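Have a look at the structure below before the remarks.
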Amino acid sequence: MDFQAALPPAVRWITETLEEAGFATWVVGGAIRDLMFGRAAKDWDLATRARPEQIMAAFPRTVPIGVEHGTVGVLARDGTLYEVTTFRRDVEALGRRAVVEFAEDIGDDLARRDFTFNALAWHPLRQDLLDPAGGIADMKAGILRTVGAPRERFSEDFLRVLRALRFAGQFDLTIDQPTWQALLGAVPELTRLSPERVQEEIMKVLSQAQRPSIALRLYLQSGALAVLYPEVADAEVGTGSDPTDFDRALAVCDALRPSRPLVRFVALLALVKSMTGGEAEGVRGAVAGLMERLRFSNADTRRVSSMVATIYLGPPTTDAIEARRWLSQAGPDHVRDIARIWIAEARTGEEGAEPTPGEVRDRIRTLRRMLSTARPLSISDLALDGSRLK
Numbered sequence: 000m001d002f003q004a005a006l007p008p009a010v011r012w013i014t015e016t017l018e019e020a021g022f023a024t025w026v027v028g029g030a031i032r033d034l035m036f037g038r039a040a041k042d043w044d045l046a047t048r049a050r051p052e053q054i055m056a057a058f059p060r061t062v063p064i065g066v067e068h069g070t071v072g073v074l075a076r077d078g079t080l081y082e083v084t085t086f087r088r089d090v091e092a093l094g095r096r097a098v099v100e101f102a103e104d105i106g107d108d109l110a111r112r113d114f115t116f117n118a119l120a121w122h123p124l125r126q127d128l129l130d131p132a133g134g135i136a137d138m139k140a141g142i143l144r145t146v147g148a149p150r151e152r153f154s155e156d157f158l159r160v161l162r163a164l165r166f167a168g169q170f171d172l173t174i175d176q177p178t179w180q181a182l183l184g185a186v187p188e189l190t191r192l193s194p195e196r197v198q199e200e201i202m203k204v205l206s207q208a209q210r211p212s213i214a215l216r217l218y219l220q221s222g223a224l225a226v227l228y229p230e231v232a233d234a235e236v237g238t239g240s241d242p243t244d245f246d247r248a249l250a251v252c253d254a255l256r257p258s259r260p261l262v263r264f265v266a267l268l269a270l271v272k273s274m275t276g277g278e279a280e281g282v283r284g285a286v287a288g289l290m291e292r293l294r295f296s297n298a299d300t301r302r303v304s305s306m307v308a309t310i311y312l313g314p315p316t317t318d319a320i321e322a323r324r325w326l327s328q329a330g331p332d333h334v335r336d337i338a339r340i341w342i343a344e345a346r347t348g349e350e351g352a353e354p355t356p357g358e359v360r361d362r363i364r365t366l367r368r369m370l371s372t373a374r375p376l377s378i379s380d381l382a383l384d385g386s387r388l389k
């Protein structure tokens with residue numbers, strides 16, 4: 000694997016600077032993993048023997064991202080930020096995040112990694128590749144496996160349960176049996192994770208995978224869906240709803256673009272209707288409660304809950320009066336994103352189902368024409384208000 004061809008010049012500059020100062024420095028993390036899978040590297044992270052204060056002294060522009068944890072951001076000449084972290088080793092497991100201390104050797108740092116394909120290190124100057132946990136062999140075999148004993152790895156940080164499900168889906172890997180059994184044992188502990196970390200993981204599933212359905216099925220099979228998203232899990236298996244609802248929702252998620260993770264989330268949360276009888280206000284409240292629990296912003300909560308509730312109205316026909324009545328009831332906001340979901344539903348639906356993709360497009364065109372006329376849809380749109388009439 001020719002890592003050198005993909006190496007940003009700034010990574011070499013950072014490595015050379017620290018090595019010349021006497022500090023061993025390696026490229027670690029997702030960049031190597033992604034390149035090994037034949038994908039473009041997104042984040043180039045480095046690990047070094049230098050302490051945070053030594054890193055900051057070596058470069059003209061730095062950002063103290065997490066100095067207490069050993070991480071310093073180094074700004075390249077083009078303004079790109081690269082994270083450089085002091086070698087670390089775990090000294091105590093807390094279940095939500097391990098207590099660590101600084102180490103002197105890259106081997107200690109790799110030994111504390113979660114999964115074997117993340118325990119790789121590459122030296123851009125010497126072209127050395129370290130793989131102490133056998134991550135490359137696991138990648139070739141299509142296996143996801145923890146570094147060391149699975150139960151210990153998950154007990155150190157229960158977020159690794161969700162990371163395992165995400166990675167298995169993102170890279171189409173099979174979780175090996177010991178790792179899977181330990182993961183199942185750790186699922187009940189997911190309630191100890193902060194809402195922000197849970198939110199971040201589901202958004203990564205929806206934004207980083209071409210087919211988020213793989214990871215989301217693992218969420219269901221492992222029990223993580225029931226623990227973290229009971230509104231969705233209950234709707235699929237606990238209320239007598241059609242058992243294919245979950246499959247349909249996942250098919251729609253796959254048909255939507257990763258660049259719109261919140262729209263994919265809306266498609267998944269369409270399952271909430273089974274718990275509320277499909278009433279728009281009940282759906283809106285249930286979805287808003289879930290979003291608030293996971294600490295989504297107020298703007299995202301309003302947007303997603305409104306879109307999920309609006310979906311149940313279905314696309315109106317091409318009749319202008321019906322389209323205007325629909326817009327008045329649903330509101331003009333987010334019509335474009337809702338239309339994407341309608342089209343995805345039509346494309347992934349059973350053959351012969353109505354409306355067809357062509358019919359859905361015609362109905363959406365009618366809505367857009369209606370919006371382009373700027374005709375009033377609510378009292379607030381009128382040019383006159385009650386005071387002026389008086």
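In this text, residue positions in the sequence shown follow numbering that gives the first Met the number 0: the first is 0, and each later residue adds one.
From the three backbone atoms N, C-alpha and C, an ideal C-beta is built for every residue, glycine too.
Given the structure is predicted, the values throughout are model-derived calculations rather than measurements.
* **8 angstroms Cβ shell around residue 271 - same chain, five flanking residues per side excluded** => Translated into positions along the sequence shown, residue 271 becomes position 272. For residue 271, where only same-chain residues beyond five positions count, the Cβ hits under 8 angstroms are 230, 231, 234, 282, 285, 286, 289, 307.
* Extent of the continuous beta strand (DSSP E) to which residue 46 belongs -> Within the sequence shown, residue 46 is the residue found at index 47, counting from 1. Residues 44-47.
* Check residue 122 in the structure and name its three-state DSSP category. => To locate residue 122, count along the sequence shown from 1; it is residue 123. Strand, per DSSP.
* **Pick from 332, 13, 172, 203 that is closest to residue 301, judged by C-alpha positions** => Indexing the sequence shown from 1 puts residue 301 at position 302. Answer by Cα proximity: 332.
* **Member of 299, 303, 329 whose CA lies at the smallest distance from the CA of residue 312** => Against the sequence shown, residue 312 aligns to sequence position 313. If we check each option's Cα against that of residue 312, 329 comes out closest.
* To do: Return the bridge partner residues of residue 145 from the DSSP annotation.
  => Counting from 1 along the sequence shown, the entry for residue 145 is found at position 146. Looking at the DSSP assignment, residue 145 forms a beta bridge with 114.
* Classify residue 183 as helix, strand or coil using the three-state DSSP reduction. => The residue given as residue 183 occupies position 184 in the sequence shown. Note: residue 183 maps to helix in three-state DSSP.
* Where residue 101 falls: helix, strand or coil (DSSP) -> Residue 101 sits at position 102 when you count from the first residue of the sequence shown. In the structure shown, residue 101 sits in a strand (DSSP, three-state: E or B).
* To do: To the nearest angstrom, report how far apart residue 203 and residue 212 are at their CA atoms.
  => Counted from its first residue, the sequence shown places residue 203 at position 204. Counted from its first residue, the sequence shown places residue 212 at position 213. Using only the alpha carbons, I get a separation of about 13 angstroms.
* Residue burial classification, residue 253 (beta-carbon count within 10 angstroms, cutoff 16) -> Working through the sequence shown from its first residue, we reach residue 253 at position 254. Classification for residue 253: buried.
* **Secondary structure of residue 63, DSSP reduced to three states** => Locating residue 63 in the sequence shown gives position 64, where the first residue counts as 1. Residue 63: strand per DSSP, three-state reduction.
* Asked: Quick one, are the C-beta atoms of residue 85 and residue 72 less than 8 angstroms apart?
  -> Start at 1 with the first residue of the sequence shown, and residue 85 comes out as number 86. Start at 1 with the first residue of the sequence shown, and residue 72 comes out as number 73. No, the pair does not count as a contact, with Cβ atoms beyond the cut-off.
* Could you give the DSSP three-state label for residue 172: helix, strand or coil? => Translated into positions along the sequence shown, residue 172 becomes position 173. DSSP places residue 172 in coil when its eight states are reduced to three.
* Exposure of residue 30, with buried meaning 16 or more beta-carbon neighbours within 10 Å -> To locate residue 30, count along the sequence shown from 1; it is residue 31. Residue 30 comes out buried.
* Proximity of residue 26 and residue 120 at Cβ, strictly below 8 angstroms -> The residue you call residue 26 lines up with position 27 of the sequence shown. The residue you call residue 120 lines up with position 121 of the sequence shown. Yes, these two residues count as a Cβ contact at 8 angstroms.
* Do residue 216 and residue 175 have their C-beta atoms closer together than 8 angstroms? -> Here residue 216 corresponds to residue number 217 of the sequence shown, with the count starting at 1. Here residue 175 corresponds to residue number 176 of the sequence shown, with the count starting at 1. No, the Cβ-Cβ distance between residue 216 and residue 175 is not below 8 angstroms.
* Between the Cα of residue 260 and the Cα atoms of 10, 340, 362, which residue gives the shortest distance? -> For the purposes of this step, residue 260 is identified with residue 261 of the sequence shown, where counting begins at 1. Looking at the Cα atoms, 340 is the closest of the given residues.
* To do: Please name the residue in 353, 373, 76, 19 whose C-alpha comes closest to that of residue 9.
  => As a position in the sequence shown, residue 9 is number 10, starting the count at 1. Ranking the options by Cα distance to residue 9, first place goes to 76.
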